[in-house]
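Colleague: Can you read through this structure? Questions will come right after.
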Amino acid sequence: MPGPEELRALRGAVAELMAKADGDCWDDLAAMGLLGLLVPEEYGGAGAGPVEVGVVAEELGRVLFAGPYLSTAVLAVNLLAALGDSAECDAVLPAIAAGTKRVAVAFAEGHSTRPPAEPATSARGDGAPLVTGAKRFVLDADSADLLYVLAAADTGPGVFAVDPAGPGVTVEPVTTVDASRRLCAVRFTDAPATAVGTPGRGVEAVTVALDRSAVALLGEQAGAARRAMEMARDYAKTRYQFGRAIGSFQAVKHMCADMLLEAESTVSAARHVAAAAADGSVGWLADLALAQ
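Here it is in C-alpha cells:
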C-alpha cells in the first residue's frame, strides 16, 4: 500500500489538473497514468489498487468530473480482471491505459441497477453469437468504443464484447437528475458479439466488478460532499444579512458544524473501505454496504 507522502503527491497532481482542466481532459489523464492505475503493469498500467483510485476519485468528485473515468478506468478494468480473459486483456487494457479506448459495461435491465441472475438479453449462435435485448442505465455508452454486455447464452449468462457503432446497436442517452452522469439505454437487435471470459460466469464477474468499482464511487461522493461543505462555509463568510456575515449567526454555525461532521465521516468511510478492499479484509464488503 502506498505511503502518505505518495498519496499526498497523487492527490495534489490530480487537484492541479482538475483546477486547469478544460473538457474531459482525457489525454491529460492518460499522460499522468491515471487511466491505467488499476491496469496491471504487464498491460502498460501502474498495477495500483483501490486506495490510489480512491484518492483520484475524491478529486474528480470535488469538481463533478463528467468524463468516463468510472466506466472505463474502473468498472471495465475491474470486469476484465474478474473475467480473467488474457487475450481480451491484451487487446483492451493497454488501450485503456493509453486513453485510446473508452469502454462501457451494459448489465442492468428493467428497474434494477444490479445484474439480473437470468438476463433477458440473449446471445445466441454458434461461433459468432448475436446479441438481442435491451439494457438500461449504461454509464457512458454514448462515448464508448466498446461495450461489454451481460447476456444469457446456452452455457449460462456470459459477458460479450459488442461494437456500439456496429449493426444492430442503438444507443440513446437518457435525462437524469445528475447531469455529470451520462446514462444511456442501449438496444441490441442481432448485434454481432464476441464471448469474453469463462462461459456461464458473467453474473459473478459483473457483480465482483461492481463491488470493487463502488469503492471509487464512494471516493467520488466523499469528494463531492467535502467540496459542497466548503462552498457552503465560504458562502456563509461572504453573504451578509442585517449588517453581518450570516456565518456569524449561531444557527448557521451549527448547520456548518453538522455539515463538516457529515462530510468528514463520509471521507473517513470511503478511505476505510478503500484500505479494507486493498488489504482483502474479510469484512470489506460489509464495510462497503455500511458506507453506501
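In this note's numbering, the protein residues as written are 1340 to 1631.
All residues carry an ideal CB built from backbone N, CA and C; glycine is no exception.
#1: Could you check if residue 1619 is buried or exposed, using at least 16 other CB atoms within 10 Å of its CB as the buried criterion?
#2: State the start and end residues of the unbroken beta strand (DSSP E) segment that holds residue 1461.
#3: Under DSSP, the beta strand (DSSP E) around residue 1477 begins and ends at which residues?
#4: Between which two residues does the beta strand (DSSP E) containing residue 1508 stretch?
#5: Which same chain residues end up closer than 6 Å to residue 1525 when comparing Cβ atoms and leaving out the 5 residues on each side of it in sequence?
#6: Taking all protein chains shown into account, do 16 or more other C-beta atoms lie within 10 angstroms of the C-beta of residue 1340, making it buried, or fewer, making it exposed?
#7: Under three-state DSSP, which class holds residue 1605?
#8: Contact defined as beta carbons within less than 8 Å: I believe residue 1385 pairs with residue 1378. What is the distance between those atoms, to the nearest angstrom?
#9: Does the Cβ-Cβ distance between residue 1470 and residue 1487 come in under 8 Å?
#10: Which residues in the same chain have their Cβ closer than 7 Å to the Cβ of residue 1415, if we skip the five residues on either side of it in sequence?
#11: Can we say the segment 1559-1573 touches the segment 1523-1540, given the rule of at least three CB pairs closer than 8 Å?
#12: Report the rounded CA-to-CA distance for residue 1538 versus residue 1492, giving the unit in angstroms.
#13: Which residue's Cα is closest to the Cα of residue 1459: 1528, 1396, 1611 and 1421?
#14: Could you compute how far the alpha carbon of residue 1342 sits from the alpha carbon of residue 1626?
#15: Could you give the distance in angstroms between the alpha-carbon of residue 1383 and the alpha-carbon of residue 1432?
#16: In three-state DSSP terms, what is residue 1364?
#17: Rank 1523, 1453 and 1500 by C-alpha distance to the C-alpha of residue 1428 and give the top, closest one.
#18: Secondary structure at residue 1502, three-state DSSP: helix, strand or coil?
#19: Please state whether DSSP places residue 1547 in a helix, a strand or coil.
Modeller: According to the structure shown:
#1: The count along the sequence shown starts at 1 and reaches residue 1619 at position 280. Under this definition residue 1619 is an exposed residue.
#2: Within the sequence shown, numbered from 1, the residue matching residue 1461 stands at position 122. Per DSSP, residue 1461 belongs to the beta strand (DSSP E) from 1461-1463.
#3: Along the sequence shown, read from residue 1 onward, the residue named residue 1477 stands at position 138. 1469-1478 is the extent of the beta strand (DSSP E) around residue 1477.
#4: Counting from one through the sequence shown, the residue named residue 1508 turns up at place 169. Unbroken beta strand (DSSP E) run through residue 1508: 1508-1512.
#5: Translated into the one-based positions of the sequence shown, residue 1525 becomes position 186. For residue 1525, where only same-chain residues beyond five positions count, the Cβ hits under 6 Å are 1445, 1474, 1477, 1480 and 1510.
#6: Within the sequence shown, the letter at position 1 stands for residue 1340. Of the other Cβ atoms in all chains shown, fewer than 16 fall within 10 Å of the Cβ of residue 1340; this residue is therefore exposed.
#7: For the purposes of this step, residue 1605 is taken as residue 266 along the sequence shown, with counting starting at 1. Three-state DSSP puts residue 1605 in a helix.
#8: As a working mapping, residue 1385 is identified with position 46 in the sequence shown. As a working mapping, residue 1378 is identified with position 39 in the sequence shown. With a Cβ gap of about 7 Å, residue 1385 and residue 1378 count as contacting.
#9: Taking the sequence shown and counting its residues from 1, the one referred to as residue 1470 is at position 131. Taking the sequence shown and counting its residues from 1, the one referred to as residue 1487 is at position 148. Annotated as distal: residue 1470 and residue 1487, with beta-carbon spacing of 8 Å or more.
#10: For the purposes of this step, residue 1415 is taken as the residue at position 76 of the sequence shown. Excluding positions up to five away in sequence, the list reads 1435, 1442, 1444 and 1487.
#11: no
#12: Here residue 1538 refers to the residue found at position 199 of the sequence shown. Here residue 1492 refers to the residue found at position 153 of the sequence shown. The straight-line gap from Cα to Cα measures roughly 8 Å.
#13: As a first step, residue 1459 is located in the sequence shown; it is residue number 120 there, counting from the start. Nearest of 1528, 1396, 1611 and 1421 to residue 1459, Cα basis: 1528.
#14: For the purposes of this step, residue 1342 is identified with residue 3 of the sequence shown, where counting begins at 1. For the purposes of this step, residue 1626 is identified with residue 287 of the sequence shown, where counting begins at 1. Counting only the Cα atoms, residue 1626 lies some 22 Å from residue 1342.
#15: Within the sequence shown, the letter at position 44 stands for residue 1383. Within the sequence shown, the letter at position 93 stands for residue 1432. Going from the Cα of residue 1383 to the Cα of residue 1432 covers about 8 Å.
#16: Residue 1364 sits at position 25 when you count from the first residue of the sequence shown. In this structure, residue 1364 counts as coil in the three-state DSSP scheme.
#17: As a working mapping, residue 1428 is identified with position 89 in the sequence shown. Closest by alpha carbon: 1500.
#18: Residue mapping note: residue 1502 aligns to position 163 of the sequence shown, counting from 1. Three-state DSSP puts residue 1502 in coil, outside helix and strand.
#19: Start at 1 with the first residue of the sequence shown, and residue 1547 comes out as number 208. In this structure, residue 1547 counts as helix in the three-state DSSP scheme.
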